[in-house]
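Everything on this sheet refers to the single structure shown next.
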Amino acid sequence: MKPRPDESPEEYAARVALSLLKVRGWSRAELTARLIARGCDASAASAAVDRLERLGLTGDAAYAREVVSAELRRQPAAAAFLTEKLERRGIGEERAAGEVARQTAGASEAARAEELARSAWRPGGDDLKERRRLAGVLARRGFDEETAAWAIERVMGPMPEGDGSAGGPGDGEHGR
Numbered sequence: 026m027k028p029r030p031d032e033s034p035e036e037y038a039a040r041v042a043l044s045l046l047k048v049r050g051w052s053r054a055e056l057t058a059r060l061i062a063r064g065c066d067a068s069a070a071s072a073a074v075d076r077l078e079r080l081g082l083t084g085d086a087a088y089a090r091e092v093v094s095a096e097l098r099r100q101p102a103a104a105a106f107l108t109e110k111l112e113r114r115g116i117g118e119e120r121a122a123g124e125v126a127r128q129t130a131g132a133s134e135a136a137r138a139e140e141l142a143r144s145a146w147r148p149g150g151d152d153l154k155e156r157r158r159l160a161g162v163l164a165r166r167g168f169d170e171e172t173a174a175w176a177i178e179r180v181m182g183p184m185p186e187g188d189g190s191a192g193g194p195g196d197g198e199h200g201r
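Numbering (my numbering), first residue to last: 26 to 201.
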């Protein structure tokens with residue numbers, strides 16, 4: 026997309042931004058960086074994003090809500106995973122943590138881990154291999170080792186004797 030002869034740098038930046046927003050939402054930082062990468066000068070990009078925010082066409086709060094909601098619809102995830110994802114996309118730490126807390130308030134971290142483990146479990150194979158695979162699935166969605174072990178035990182039952190496991194699910198806080 027090239028600037029039209031009759032449009033100002035701000036108008037061009039707004040036109041490019043609107044075409045980007047037709048595809049998906051963007052954080053303020055992402056959209057501004059994208060505009061600059063597409064040849065808009067920094068002040069025009071910033072002015073265009075300001076204008077679009079005032080019109081309600083973009084904004085970090087709505088974008089954070091959209092990203093967290095989409096991730097949780099796809100698969101359960103740990104709060105740390107969701108917060109980090111938002112921060113990588115240019116959402117501030119406080120806003121990211123607040124949105125994640127708001128959308129995950131209905132289910133504990135342990136409950137989300139158990140839900141993911143249940144949906145990913147493939148019964149009937151090698152028990153130890155399946156436990157390892159589930160641990161990987163849970164880790165990739167941000168669950169810590171203790172929560173993952175607890176969720177796997179809830180789904181598959183206790184680890185069979187003589188397998189070298191260290192014991193129970195930890196301090197017991199995950200059972201609440």
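Even glycine gets a Cβ: it sits at the ideal position worked out from N, Cα and C.
Fair warning: this is a prediction, and the values are worked out from it, not measured in the lab.
- For Trp175, the closest C-alpha among the options Ala121, Gly150, Arg147 and Arg143 is that of Arg143.
- Excluding residues up to 5 positions away in sequence, Leu111, Ile116, Arg120, Ala121 and Glu124 lie with their Cβ nearer than 7 Å to the Cβ of Ala89 in the same chain.
- Within its own chain, the residues whose Cβ lies closer than 7 Å to the Cβ of Ala105, once the five positions on either side in sequence are excluded, are Gly167, listed in chain order.
- Taken through DSSP and simplified to helix, strand or coil, Lys154 comes out as helix.
- Between Ser94 and Glu36, the alpha-carbon positions lie close to 32 Å from each other.
- Ala132 and Ala73 have their C-alpha atoms some 39 Å from each other.
- Counting along the chain, the unbroken alpha helix (DSSP H) around Lys47 starts and ends at Pro34 to Val48.
- In the three-state scheme derived from DSSP, where H, G and I count as helix and E and B as strand, Gly161 is classed as helix.
- Assignment of Met181 by DSSP, reduced to helix, strand and coil, places it in the helix class.
- Counting other Cβ atoms within 10 Å of its Cβ, Val48 stays below 16 and is therefore classed as exposed.
- A distance below 8 Å between beta-carbons, with the five flanking residues on each side excluded, links Thr172 to the following residues of its chain, in chain order: Ala103, Glu134, Ala135, Ala138, Leu163 and His199.
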